[in-house]
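Asker: Each residue of the sequence shown is one higher than the one before, counting from 1 in full-length UniProt numbering. We treat Cβ as the ideally placed atom computed from N, Cα and C, and that holds for glycine.
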Amino acid sequence: MMHSSSTYIASKVRLILSGVLEIKGNECLKRLLYLLDYGSSANNFGSANIPKTVVELVCLICYSGLPEYQKNVTRGDGIRTLVTSIRRCLSNGVCTSRRSFALHFYHNVFYERTCCWMTAEEWEGKDALLFYSLWGLAELVQHSSDTDHSHIKSNLIKTVQEVLDNVSAPGPRWLAANILSYFGVYGFPNKHDKGFGRALEDKEHTDLQLLFANGESVSVHKIILAVQCPSLLPPEQFPRSAKTTDNFLVKDVPRKCCPMLQKEVRFSARVDQQALLKLLDYVYFGYVEAGEDLARKLKTLAKSCNMQPLYLMLCRKIPQWGTPIPSSDFTDALGPLGFQFACVFLCLSLLSDTLIALCQYNLLSL
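1) Can you say whether residue 313 is buried or exposed, counting buried as having 16 or more other CB atoms within 10 angstroms of its CB?
2) Which same chain residues, not among the five before or five after residue 309, have their C-beta less than 7 angstroms away from its C-beta?
3) Let me know the secondary structure DSSP gives residue 186 once reduced to three states.
4) Going by the CB atoms, is the gap between residue 157 and residue 196 shorter than 7 angstroms?
5) Go to residue 264, then tell me how far its beta strand (DSSP E) extends in each direction, as first and last residue.
6) Within 10 angstroms of its Cβ, does residue 153 collect 16 or more other Cβ (buried), or is it exposed?
7) Can you give me the Cβ contacts of residue 303 inside the same chain, cut-off strictly under 7 angstroms, excluding the 5 residues immediately before and after it?
8) Just how far apart, CA to CA, sit residue 12 and residue 63?
9) Considering only residues of the same chain and omitting the five flanking positions on each side of residue 90, which have a CB-CB separation below 6 angstroms?
10) Taking the beta strand (DSSP E) that residue 211 falls in, what are its first and last residues?
11) Count the other CB atoms, across all protein chains shown, that sit within 10 Å of the CB of residue 34; report buried if there are 16 or more and exposed otherwise.
12) Am I right that residue 155 and residue 316 are in contact with their C-beta atoms under 8 angstroms? What's the rounded C-beta distance?
13) Apart from the five residues on each side of it in sequence, which residues of its chain come closer than 7 angstroms, Cβ to Cβ, to residue 59?
14) Pick from 65, 170, 84, 187: whose alpha carbon is nearest that of residue 144?
15) Starting from the C-beta of residue 40, find all residues in its chain whose C-beta is less than 7 angstroms away, skip the five residues before and the five after it, and write them out in chain order.
16) Count the other CB atoms, across all protein chains shown, that sit within 10 Å of the CB of residue 202; report buried if there are 16 or more and exposed otherwise.
17) Give me, in chain order, the residues of the same chain whose beta-carbon lies closer than 6 angstroms to that of residue 139; leave out the 5 immediate sequence neighbours on both sides.
18) Return yes when the Cβ of residue 128 is within less than 7 angstroms of the Cβ of residue 54, no when it is not.
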């Protein structure tokens with residue numbers, strides 16, 4: 001409830017909890033940090049202690065939400081303890097689900113669904129300890145300074161990166177991405193998935209040039225922009241006589257669904273070239289690295305282009321429960337409304353100018 005989207009509920013809960021902790025709050029916090037450090041050690045990390053550790057993590061998350069305790073939490077070696085806990089989760093293979101400690105869900109799945117509209121394991125993942133360790137770390141990093149985690153910065157980043165490489169559940173991945181945003185990395189870098197990075201390096205089969213005011217340009221693929229960032233493509237119509245394979249005219253297709261025929265898109269001098277190039281890095285690679293000044297410009301551009309996931313990470317906001325991971329879905333682009341994009345996709349796959357021309361001619365002559 002402390003992290004409710006309702007400001008009224010969140011503020012009321014913080015006020016009540018602050019009153020409860022007024023007398024022995026710092027004493028309880030020291031004890032809590034000791035128990036978490038003890039529980040994350042190699043000799044005590046096991047399935048028998050995990051439910052208890054999860055409850056302690058929830059308590060730490062509550063502490064980190066109270067301004068009067070935030071400095072004590074970050075200075076009490078809590079970040080190092082949570083990084084150790086996450087590493088244990090990744091290497092141990094022992095998973096404890098929410099139901100093992102949330103007993104009111106154990107016998108009635110209906111209440112779990114009405115409470116959260118989808119099962120917790122679908123978003124939080126099957127390892128509750130990993131999820132709450134990441135949540136706690138995200139809260140602590142948010143309220144800490146560089147000096148609070150400078151001694152473990154490299155280990156912290158490496159550990160969080162391993163989460164993105166090896167965990168598929170949306171919740172842990174979002175929390176890991178949120179943590180990385182405080183270190184200048186925005187998105188979901190993954191050593192197993194390089195996104196469309198190789199396509200960006202392939203200049204021969206691009207079909208659109210983005211021209212900047214200074215005369216410089218970058219070559220891109222319409223189909224990838226249409227799926228990842230359609231705002232960069234201006235609306236344009238095909239010949240009114242052209243038909244799709246479902247026998248309805250292209251002029252009947254909504255303008256925002258129409259692919260582009262033009263080979264160039266020109267930007268005015270008001271468009272920051274460096275920020276736009278970073279935006280393309282995110283579109284193709286799934287993440288982008290940027291310093292604070294460039295991140296501010298990129299945030300403005302991401303908002304203008306309606307790229308909500310990137311904008312959320314640039315704002316460094318912990319996502320709301322249930323927020324999905326952004327995906328590259330080509331269904332619309334290759335379906336009836338995007339039949340011309342299928343030619344572009346075929347172009348990238350077959351790498352044959354003859355087949356491309358033949359494909360486009362046949363579709364437009366239907």
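Answerer: According to the data block:
1) buried
2) 326
3) strand
4) In this structure, the beta-carbon distance from residue 196 to residue 157 does not fall below 7 angstroms.
5) 264-266
6) exposed
7) 311
8) 15 angstroms
9) 162
10) Per DSSP, residue 211 belongs to the beta strand (DSSP E) from 208-211.
11) exposed
12) The Cβ separation is near 21 angstroms, so there is no contact.
13) The beta carbon of residue 59 lies closer than 7 angstroms to those of 32 in the same chain, with the five residues before and after it left out.
14) By alpha-carbon distance to residue 144, the top candidate from 65, 170, 84, 187 is 65.
15) 81, 84, 85, 88
16) The residue in question, residue 202, is exposed, as its Cβ has fewer than 16 Cβ neighbours within 10 Å.
17) 61, 64
18) yes
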